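>
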Amino acid sequence: MTELPGPKPAAESAVESQTIDPSGEEPREQSVRSLRGDAWRDLRKNPLFWIASVMILVFVAMAIAPGLFTNTDPRDFDLGEARSTPTGENWFGRDTQGYDLYARCIYGARASILVGLFSTIGTMIVGVTLGLLAGYKRGWVDGLTSRVAEVFFGLPLILGAIIILTSLQGEDDTYLWIIFQVVLAQVVLGWPSIFRLMRASVLQVTPNDYVASARALGASPLRVVRSHVLPNAIGPVIVISTINFGGFIAAEAALSFLGIGLRPPTISWGVMIDAGLAARSSAPHVLLFPALFLSLAVLAFIMLGDAIRDAFDPKSR
Amino acid sequence: MGTYTVRRLLQMIPVFIGVTFLIYWMVFSLPGDPTAGKCGERPCSEAYIAAFNEKYNLNEPLPVQYGLYMANVVQGDFGENQYGVSVSEELVERFQVTGQLGLMALGIEAVIGIAAGVLAGLRKGGFMDNLVLISTLLVISLPVFVTGSVLQLYLGVQWGLFPVTVSGEVSFYSLLLPAFVLASTSLAYLARLMRTNLADNVKSDYVRTARAKGLPERRVIGIHTLRNSMIPIITFLGYDLGALMGGAIITEGIFNIQGVGGYIFRGINDRDGVVVVGAVTALVLIYLAANLIVDLLYGLLDPRISLD
Numbered sequence: 001m002t003e004l005p006g007p008k009p010a011a012e013s014a015v016e017s018q019t020i021d022p023s024g025e026e027p028r029e030q031s032v033r034s035l036r037g038d039a040w041r042d043l044r045k046n047p048l049f050w051i052a053s054v055m056i057l058v059f060v061a062m063a064i065a066p067g068l069f070t071n072t073d074p075r076d077f078d079l080g081e082a083r084s085t086p087t088g089e090n091w092f093g094r095d096t097q098g099y100d101l102y103a104r105c106i107y108g109a110r111a112s113i114l115v116g117l118f119s120t121i122g123t124m125i126v127g128v129t130l131g132l133l134a135g136y137k138r139g140w141v142d143g144l145t146s147r148v149a150e151v152f153f154g155l156p157l158i159l160g161a162i163i164i165l166t167s168l169q170g171e172d173d174t175y176l177w178i179i180f181q182v183v184l185a186q187v188v189l190g191w192p193s194i195f196r197l198m199r200a201s202v203l204q205v206t207p208n209d210y211v212a213s214a215r216a217l218g219a220s221p222l223r224v225v226r227s228h229v230l231p232n233a234i235g236p237v238i239v240i241s242t243i244n245f246g247g248f249i250a251a252e253a254a255l256s257f258l259g260i261g262l263r264p265p266t267i268s269w270g271v272m273i274d275a276g277l278a279a280r281s282s283a284p285h286v287l288l289f290p291a292l293f294l295s296l297a298v299l300a301f302i303m304l305g306d307a308i309r310d311a312f313d314p315k316s317r
Numbered sequence: 001m002g003t004y005t006v007r008r009l010l011q012m013i014p015v016f017i018g019v020t021f022l023i024y025w026m027v028f029s030l031p032g033d034p035t036a037g038k039c040g041e042r043p044c045s046e047a048y049i050a051a052f053n054e055k056y057n058l059n060e061p062l063p064v065q066y067g068l069y070m071a072n073v074v075q076g077d078f079g080e081n082q083y084g085v086s087v088s089e090e091l092v093e094r095f096q097v098t099g100q101l102g103l104m105a106l107g108i109e110a111v112i113g114i115a116a117g118v119l120a121g122l123r124k125g126g127f128m129d130n131l132v133l134i135s136t137l138l139v140i141s142l143p144v145f146v147t148g149s150v151l152q153l154y155l156g157v158q159w160g161l162f163p164v165t166v167s168g169e170v171s172f173y174s175l176l177l178p179a180f181v182l183a184s185t186s187l188a189y190l191a192r193l194m195r196t197n198l199a200d201n202v203k204s205d206y207v208r209t210a211r212a213k214g215l216p217e218r219r220v221i222g223i224h225t226l227r228n229s230m231i232p233i234i235t236f237l238g239y240d241l242g243a244l245m246g247g248a249i250i251t252e253g254i255f256n257i258q259g260v261g262g263y264i265f266r267g268i269n270d271r272d273g274v275v276v277v278g279a280v281t282a283l284v285l286i287y288l289a290a291n292l293i294v295d296l297l298y299g300l301l302d303p304r305i306s307l308d
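Here the protein sequences line up with chains U and A, keeping their order.
If you're matching positions, the first sequence starts at 1 in full-length UniProt numbering and goes up one per residue.
If you're matching positions, the second sequence starts at 1 in full-length UniProt numbering and goes up one per residue.
Quick look at the structure:
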């Protein structure tokens, strides 16, 4: 959260913007200020960006190395102590099976973060590519991709996921295979919303003079799209995708709640919440802690999305 | 406008066929025995399986099966579920409940979402803006099934303000809490979308022009800015109706509402393909109709988007 000294940010923003060869030429960088350089400058000043980033880093660290946060084995249980409330030894208490809630909350991060990450990347790749194609090419390409998107959009997320997951699931699926199934379902059903957003955004950007002049100057379609349309149209997609990251984590939990997403013995916040709901009137803390972790993770991504949006929006300057 | 409507209607046909085929294929052709669970715990007799396959044309190639099924659907016949009850009749009953729930949620969403978004977007960075941003953040980050269960526990069970579950006669009052829960996430997204749009539009040239020519503030905001900010909102709402009705499955589960969502979920658990395909097909029809209306409104709201 500390402000970096003068010269270094300038160098960073130049590298970010890639307008100058990062290998050298320090003095000229001061004069170059690209959109991305400006955005980074703005982002650094936004406390929400730092809070969100730190939270996300913590969750990612949890996902990569849960051992850093706890020495307790999440699979150690003590049935006699089941539902015990938080104590100095078990910070979050124990759940209905007598597992240590703190350890399970930490270990549960991995499944959620993986599902969110892969789903976000997958929907973005498919949605942005097709959105650019449809919005820029128009004509039959637009017609065809839009219809295909409508077909997939026609399946509501939860319903579609239920159908996809029940048809894919077997009796003894491995950890990664289950996660892949959930990701696949979310990408198949989630890309049309990114596609629509991107297409609409491209439709708004394309009539602009700068696109027309780039064309008039003889830029190839690829260059027009890459350097002029994409940077100006992707803003909403980045924001929504960052927010969706949280949404995917929440959707994973919802699917686990319905009994078709991740399931025991996999440790995930969704599975824990599902178990906690059953005991919510007698032992609310069993529901509270995993719900808190899940909500904080979702919150972090939404805050990050907001911060990025504000920074990248030239109109907010 | 007339030709556009007709063209749009014609474009709906491939989409409808695509979605229904996708569902049909996933439900009936992926691994798994369609007759599993039809005869209780034991496997079905060969005679039953043969009769079942014959009845639903499962011996035919997939496109033929699908074609025969759709021919029935077009005539309003969705087949029978495993107890021999007509799916169409059950659907009509359950759609009334889910439809009411979905429309109530959409209404709550539109009113609260737009109001909150306008309050926030008019003065970006102000108190209302931060309040709306923080409260929507909280709503979005809480999963629906947690919000639903907790509200049910406190408002329903402990304080007795709302009915805990919806049983027997479905009334406006008994659906109020479920509709609110169902709307909550979309509502927050809508408020944020409205805020962003409005804040962007308030700074645009035509608003400055409207102010410069001396229009009263209420007209500048109410007519010029709001109407232009409404375009993405209408789109969002239109598409959301289908999502709300399809996503009602969780809310319906929590509040024990006998709607389409629960019907589909039970159908999947029982491996009752006829029920699943029928109910989802009906949902898709509604979704497509909502989409069409949105697309037609698009041209009316934004003259810059030409329909031809």
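Don't be surprised by glycine CBs; every beta carbon is placed ideally from N, CA and C.
Since the model is a prediction, treat every value here as computed from it, not as a measurement.
Among residues of its own chain, excluding the 5 on either side of Y136 of chain U, which ones have a beta-carbon nearer than 7 Å to its beta-carbon?
Counting from 1 along the first sequence, the entry for residue 136 of chain U is found at position 136. Cβ neighbours of Y136 of chain U beyond the five flanking positions: V202, T206, V225 and V229.
> Under 8 Å, Cβ to Cβ, is there at least one residue of chain A near T120 of chain U?
What you label residue 120 of chain U is simply residue 120 of the first sequence in a count that begins at 1. With 8 Å as the cut-off, T120 of chain U does not count as an interface residue toward chain A.
> Are the C-beta of F172 of chain A and some C-beta of chain U separated by less than 8 Å?
To locate residue 172 of chain A, count along the second sequence from 1; it is residue 172. For F172 of chain A, the answer is no, since every Cβ of chain U falls outside 8 Å of its Cβ.
> Alpha carbon to alpha carbon, what distance is there between L68 of chain U and residue 385 of chain U?
Since the displayed chain U opens at 1 and closes at 317, residue 385 of chain U lies outside it and no answer follows.
> For D73 of chain U, which of helix, strand or coil comes out of DSSP?
By one-based count along the first sequence, residue 73 of chain U stands at place 73. D73 of chain U: coil per DSSP, three-state reduction.
> Using a C-beta cutoff of 8 Å, does A134 of chain U count as contacting chain A?
As a first step, residue 134 of chain U must be located in the first sequence, where it is residue number 134. It does not: the Cβ of A134 of chain U has no partner Cβ on chain A nearer than 8 Å.
> Our contact map puts A161 of chain U next to L189 of chain U with C-beta atoms below 8 Å; I'd like the distance itself, whole angstroms only.
Your numbering for residue 161 of chain U matches position 161 in the first sequence. Your numbering for residue 189 of chain U matches position 189 in the first sequence. The pair is a contact, with the Cβ atoms about 6 Å apart (cut-off 8 Å).
> Mark V85 of chain A as exposed unless 16 or more other C-beta atoms lie within 10 angstroms of its C-beta, in which case mark it buried.
If you number the second sequence from 1, residue 85 of chain A lands on position 85. It is exposed - the Cβ of V85 of chain A has fewer than 16 other Cβ atoms within 10 Å.
> Please tell me whether I164 of chain U and L184 of chain U are closer than 8 Å, where the distance is taken between their beta carbons.
Here residue 164 of chain U corresponds to residue number 164 of the first sequence, with the count starting at 1. Here residue 184 of chain U corresponds to residue number 184 of the first sequence, with the count starting at 1. Closer than 8 Å, so yes.
> Across the segment 171-188 of chain A and the segment 248-260 of chain A, are there enough close Cβ pairs to call them in contact, namely three or more that are closer than 8 Å?
Contact between the segment 171-188 of chain A and the segment 248-260 of chain A is present, because at least three Cβ pairs lie under 8 Å.
> Secondary structure at S256 of chain U, three-state DSSP: helix, strand or coil?
Here residue 256 of chain U corresponds to residue number 256 of the first sequence, with the count starting at 1. In the structure shown, S256 of chain U sits in a helix (DSSP, three-state: H, G or I).
> So with CB distances below 8 Å, who are the chain U contacts of V294 of chain A?
The residue labelled residue 294 of chain A in the question sits at position 294 within the second sequence. Those within 8 Å of V294 of chain A in chain U number zero; the least Cβ separation is about 11 Å.
> Considering only the beta carbon of each residue, do V280 of chain A and L159 of chain U sit closer than 8 Å?
Working through the second sequence from its first residue, we reach residue 280 of chain A at position 280. Working through the first sequence from its first residue, we reach residue 159 of chain U at position 159. Their beta carbons are under 8 Å apart, which means V280 of chain A touches L159 of chain U by this criterion.
> With 7 Å as the limit, tell me which residues of the segment 120-134 of chain A have their beta carbon closer than that to any beta carbon of chain U; keep them in chain order.
Taking 7 Å as the Cβ-Cβ cut-off against chain U, none of the residues of the segment 120-134 of chain A qualify.
> Could you list which residues in chain A have their beta carbon closer than 7 Å to that of S282 of chain U, in chain order?
Within the first sequence, the letter at position 282 stands for residue 282 of chain U. Per Cβ cutoff of 7 Å: no residues; S282 of chain U is ~11 Å from chain A at best.
> Is it true that the segment 189-200 of chain A meets the segment 129-147 of chain A, where meeting means three or more beta-carbon pairs spaced less than 8 Å apart?
Because the criterion of three Cβ pairs below 8 Å is met, the segment 189-200 of chain A and the segment 129-147 of chain A touch.
> Looking at L138 of chain A: is its Cβ nearer than 8 Å to the Cβ of M128 of chain A?
As a first step, residue 138 of chain A is located in the second sequence; it is residue number 138 there, counting from the start. As a first step, residue 128 of chain A is located in the second sequence; it is residue number 128 there, counting from the start. Contact flag unset, no.
> Quick one: measure Cβ to Cβ for G273 of chain A and V27 of chain A, integer angstroms, because I've assumed they're closer than 8 Å.
Here residue 273 of chain A is taken as the residue at index 273 of the second sequence, counted from 1. Here residue 27 of chain A is taken as the residue at index 27 of the second sequence, counted from 1. With 8 Å as the limit, G273 of chain A and V27 of chain A qualify as a contact, their Cβ atoms being about 5 Å apart.
> Using the beta-carbon count (16 or more within 10 Å), is F152 of chain U buried or exposed?
For the purposes of this step, residue 152 of chain U is taken as residue 152 along the first sequence, with counting starting at 1. Buried, because 16 or more other Cβ atoms sit within 10 Å of the Cβ of F152 of chain U.
> In its own chain, which residues sit with a C-beta less than 6 Å from the C-beta of G122 of chain U, not counting the 5 before and 5 after it?
In the first sequence, residue 122 of chain U corresponds to position 122, counting from 1. So the qualifying residues of the chain are V187.
> Based on DSSP bridge pairs, tell me the residues matched to S86 of chain A.
Counted from its first residue, the second sequence places residue 86 of chain A at position 86. Beta-bridge pairing links S86 of chain A to A:E80.
> List, in order along the chain, the chain U residues whose C-beta lies closer than 8 Å to that of A243 of chain A?
The residue you call residue 243 of chain A lines up with position 243 of the second sequence. Neighbours of A243 of chain A on chain U, chain order: P156 and L157.
> Are there three or more Cβ pairs, one per stretch, closer than 8 Å when the segment 257-275 of chain U is compared with the segment 232-241 of chain U?
The segment 257-275 of chain U is not in contact with the segment 232-241 of chain U.
> Expressed to the nearest angstrom, what Euclidean distance is found between the alpha-carbon atoms of T145 of chain U and F195 of chain U?
To locate residue 145 of chain U, count along the first sequence from 1; it is residue 145. To locate residue 195 of chain U, count along the first sequence from 1; it is residue 195. Taking the straight line joining both Cα atoms gives about 9 Å.
> Answer yes or no: do V294 of chain A and F16 of chain A have a C-beta to C-beta separation smaller than 8 Å?
Position 294 of the second sequence, counted from the start, is the residue given in the question as residue 294 of chain A. Position 16 of the second sequence, counted from the start, is the residue given in the question as residue 16 of chain A. Result no, Cβ atoms of V294 of chain A and F16 of chain A do not sit closer than 8 Å.
> Enumerated in chain order, which unbroken segments of the alpha helix (DSSP H) with a length of 4 residues or greater are wholly contained in the segment 110-168 of chain A?
As far as the segment 110-168 of chain A is concerned, its whole alpha helix (DSSP H) runs of at least 4 residues are 127-141 and 144-151.
> Please work out which residues of its chain come closer than 7 Å, Cβ to Cβ, to R215 of chain U, disregarding the five sequence neighbours upstream and downstream, and give them in chain order.
The residue labelled residue 215 of chain U in the question sits at position 215 within the first sequence. Excluding positions up to five away in sequence, the list reads V224.
> Could you confirm whether any beta carbon from chain U is found closer than 8 Å to the beta carbon of Q11 of chain A?
Along the second sequence, read from residue 1 onward, the residue named residue 11 of chain A stands at position 11. By this cut-off, Q11 of chain A is an interface position.
> List the residues of chain U whose Cβ lies closer than 9 Å to the Cβ of G246 of chain A, in chain order.
Mapped onto the second sequence, residue 246 of chain A falls at position 246. By Cβ distance, chain U contributes L155, P156, L157, I158, L159 and G160.
> Distance, Cα to Cα, L288 of chain U vs A278 of chain U?
Locating residue 288 of chain U in the first sequence gives position 288, counting from the first residue. Locating residue 278 of chain U in the first sequence gives position 278, counting from the first residue. So the two alpha carbons sit approximately 12 Å from each other.
> Residues of chain U with CB under 8 Å from M26 of chain A, in chain order?
For the purposes of this step, residue 26 of chain A is taken as the residue at position 26 of the second sequence. Correct list: I163, I164 and S167.
> Helix or strand or just coil, what does DSSP make of D270 of chain A?
Within the second sequence, numbered from 1, the residue matching residue 270 of chain A stands at position 270. D270 of chain A: coil per DSSP, three-state reduction.
> Check whether the segment 237-245 of chain U and the segment 124-138 of chain U touch, using three or more Cβ-Cβ pairs below 8 Å as the test.
Cβ pair count under 8 Å is three or more, so yes.
> For V182 of chain U versus L255 of chain U, is the C-beta spacing smaller than 8 Å?
One-based indexing of the first sequence puts residue 182 of chain U at position 182. One-based indexing of the first sequence puts residue 255 of chain U at position 255. Cβ atoms of V182 of chain U and L255 of chain U: closer than 8 Å.
> Kindly confirm or deny that the segment 302-309 of chain U and the segment 44-57 of chain U touch, where touching means at least three C-beta pairs closer than 8 Å.
Contact between the segment 302-309 of chain U and the segment 44-57 of chain U is present, because at least three Cβ pairs lie under 8 Å.
> Comparing alpha-carbon positions, which option in A:V207, A:Y298 and A:L187 lies nearest V111 of chain A?
Mapped onto the second sequence, residue 111 of chain A falls at position 111. The option with the nearest alpha carbon to V111 of chain A is A:L187.
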